[in-house]
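**Student:** With UniProt numbering applied, the sequence shown covers 1 to 291.
The C-beta atom is built at its ideal place from N, Cα and C for all residues, glycine as well.
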Amino acid sequence: MSEEKVVLEQAAQEFADANANPPFIHELPPEQGRETLEGVQGGDGVSKPEITEEWITVEGGPTGQAPTRIVRPAGATGVLPVVFHIHGAGRVFGSANTHDRLVRELAVRTGAAVVFPEYDLAPEAKYPTAIEQNYAVAQWVVRHGAEENLDGTRVAVSGDSVGGNMAAVLALMAKDRGDVELKGQALFYPVTNADFDTDSYHQFATGYFLNRDGMMWFWDQYTTDDQYTTDPEQRAEVYASPLRASPEELRGLPPAIVLNGEADVLRDEGEAYARKMREAGVPVTAVRFQG
1 MSEEKVVLEQ AAQEFADANA NPPFIHELPP EQGRETLEGV QGGDGVSKPE
51 ITEEWITVEG GPTGQAPTRI VRPAGATGVL PVVFHIHGAG RVFGSANTHD
101 RLVRELAVRT GAAVVFPEYD LAPEAKYPTA IEQNYAVAQW VVRHGAEENL
151 DGTRVAVSGD SVGGNMAAVL ALMAKDRGDV ELKGQALFYP VTNADFDTDS
201 YHQFATGYFL NRDGMMWFWD QYTTDDQYTT DPEQRAEVYA SPLRASPEEL
251 RGLPPAIVLN GEADVLRDEG EAYARKMREA GVPVTAVRFQ G
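Written out as structure tokens, the structure is:
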């Protein structure tokens with residue numbers, strides 16, 4: 001039986017068509033790929049809500065410090081709840097600039113302060129450097145956020161793509177370590193497993209912007225040794241592939257919303273993680289966006 005054709009929205013189809021020909025971003029050297037992405041959301045002509053922002057340096061974590069952006073809705077005063085957002089783009093790319101519009105939207109639409117750690121990127125920084133940097137910033141929010149008018153008792157974590165992976169991992173780390181309490185988790189098309197043989201990986205392997213070869217390359221940058229040999233045992237760790245967590249490891253996680261796109265290699269693993277959390281008793285809202 002043949003697979004039903006997926007019909008994309010016009011804007012999505014135009015975007016896919018515009019990025020259908022090589023070189024693909026994962027075929028570029030990391031530095032060149034980073035430069036290419038820098039103007040995607042932060043360039044001229046991109047409308048962005050008004051905000052106020054500040055940068056701080058959080059001491060701690062495996063590298064000793066983590067640059068962190070704090071974004072608030074324009075005119076906001078007093079102590080604000082926190083959305084702790086971890087950016088995507090393969091763990092190799094992405095920055096405050098590439099995710100500027102998204103972060104501004106999160107702040108303005110939620111009325112919260114968005115805390116945005118700029119974790120060190122792969123391949124220069126291997127697993128688990130980035131997740132430990134993120135956790136150090138989360139600890140700072142809880143312990144010292146009040147100094148910046150951040151309510152460390154009202155924190156939700158969010159993340160997109162591999163940022164969704166690290167957001168899910170942050171929730172697991174917080175449960176395991178017990179010194180960070182999260183009120184919720186919002187996972188946007190999250191990477192949850194180092195498995196490239198799901199139905200969605202095969203159906204959308206090419207032609208839909210993020211392709212199967214690209215995701216395999218991203219994982220190689222994140223979880224390899226110095227000889228560029230992949231480490232399957234490392235990839236199987238729960239803090240790398242949260243879908244492999246046991247029901248007991250998932251039980252007690254904060255309520256989650258998991259958003260996935262229909263035509264995405266990551267769709268099946270994101271939906272599988274939502275189901276697995278629900279089976280473990282976690283309140284979950286899962287949504288698939290068609291087209």
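Where does histidine 99 fall in DSSP's three states?
**Tutor:** coil
**Student:** Please state whether the Cβ-Cβ distance between phenylalanine 218 and aspartate 264 is less than 8 Å.
**Tutor:** no
**Student:** Alpha carbon to alpha carbon, what distance is there between tyrosine 189 and leucine 172?
**Tutor:** 18 Å
**Student:** May I ask you to report which of helix, strand or coil DSSP gives tyrosine 228?
**Tutor:** In this prediction, tyrosine 228 has a pLDDT of 49, which is less than 50 and means its spatial position is unreliable; nothing more can be read from the coordinates.
**Student:** Rounded to whole angstroms, how far is the Cβ of residue 295 from the Cβ of valine 258, which I believe are closer than 8 Å?
**Tutor:** Here the chain comprises residues numbered 1 to 291, so residue 295 is not present and cannot be evaluated.
**Student:** What are the boundary residues of the alpha helix (DSSP H) that residue 292 is part of?
**Tutor:** Since the first and last residues shown for the chain are 1 and 291, residue 292 lies out of range.
**Student:** Jot down the residue ranges of each uninterrupted beta strand (DSSP E) in the stretch 182-232, minimum 3 residues, whole runs only, in chain order.
**Tutor:** 184-188
**Student:** Just checking my contact of glutamate 262 with glycine 291 at CB under 8 Å: how many whole Å lie between their CB atoms?
**Tutor:** 6 Å
**Student:** Specify whether the stretch 119-132 and the stretch 44-58 touch according to this definition: at least 3 beta carbon pairs, one from each stretch, less than 8 Å apart.
**Tutor:** No contact exists between the stretch 119-132 and the stretch 44-58.
**Student:** Enumerate in chain order the residues of its own chain whose CB-to-CB distance from alanine 20 is below 8 Å, with the five nearest sequence positions on each side excluded.
**Tutor:** So the list reads Gly207, once near-sequence residues are dropped.
**Student:** If you scan the stretch 92-142 from start to end, which runs of the beta strand (DSSP E) of 3 or more residues do you find wholly inside it?
**Tutor:** 113-117
**Student:** Given glutamate 249, which residues of its chain have a CB within under 7 Å of its CB, disregarding the five upstream and five downstream residues?
**Tutor:** Leu172, Val238
**Student:** Taking the Cβ atom as the reference point for each residue, do glutamine 185 and alanine 167 lie within a distance shorter than 8 Å?
**Tutor:** yes
**Student:** Does DSSP classify residue 292 as helix, strand or coil?
**Tutor:** With the chain running from 1 to 291 in the structure shown, residue 292 is simply not present.
**Student:** Nearest to lysine 276 by CA position, among Thr198, Gly64, Pro242, is which residue?
**Tutor:** Pro242
**Student:** What does a CB cutoff of less than 8 Å around phenylalanine 289 pick up in its chain, not counting 5 residues either side in sequence?
**Tutor:** If the five residues before and after phenylalanine 289 are omitted, its C-beta is found closer than 8 Å to the C-beta atoms of Leu259, Asn260, Gly261, Glu262, all from its own chain and listed in chain order.
**Student:** Would you call the stretch 173-181 and the stretch 229-236 touching, i.e. three or more CB-CB distances under 8 Å?
**Tutor:** no
**Student:** Tell me which same chain residues have a C-beta within less than 6 Å of the C-beta of glycine 60, skipping the five on either side of it?
**Tutor:** Ala136
**Student:** What residues are listed by DSSP as bridge partners for threonine 285?
**Tutor:** Ile257
**Student:** From the DSSP output, which residues share a beta bridge with aspartate 160?
**Tutor:** According to DSSP, which records beta bridges pairwise, aspartate 160 is partnered with Phe188.
**Student:** Between which residues of its own chain and threonine 230 is the CB-CB distance below 7 Å, once the five residues before and five after are set aside?
**Tutor:** In its chain, beyond the 5 residues on either side, Asp220, Thr223, Thr224 have a beta carbon closer than 7 Å to the beta carbon of threonine 230.
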